[in-house]
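The block underneath contains the structure these notes are about, expressed in structure tokens.
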Amino acid sequence: MLPYFKIIGSFYLLVKKKIFYLSKEKHLKNVLYYLVCWSGPLFQDVYALFLT
Numbered sequence: 148m149l150p151y152f153k154i155i156g157s158f159y160l161l162v163k164k165k166i167f168y169l170s171k172e173k174h175l176k177n178v179l180y181y182l183v184c185w186s187g188p189l190f191q192d193v194y195a196l197f198l199t
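First residue of the sequence shown: 148, per this note's numbering; consecutive thereafter.
Written out as structure tokens, the structure is:
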């Protein structure tokens, strides 16, 4: 269980860094697209993990 959260943590930092970079570049549409593409599957994984 714990390694999974470590993976999520590092993934979150990666996404945060990417979002910061994109927003700095003023590509708001890209940021929203990135969020939708990446957060959807991730939350499904977390949800499935808590159900089992």
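Cβ coordinates follow ideal geometry from the N, Cα and C atoms, glycine included.
{"Query": "Between Trp185 and the rest of its own chain, which residues show a CB-CB distance below 7 Å, the 5 nearest in sequence each way excluded?", "Result": "Val162"}
{"Query": "Tell me which residues share the same chain as Leu196 and place their Cβ nearer than 7 Å to its Cβ, disregarding the 5 neighbours each side in the sequence.", "Result": "Tyr151"}
{"Query": "Just checking my contact of Lys164 with Tyr181 at CB under 8 Å: how many whole Å lie between their CB atoms?", "Result": "No, Lys164 and Tyr181 are not in contact; Cβ-Cβ is about 11 Å, not under 8 Å."}
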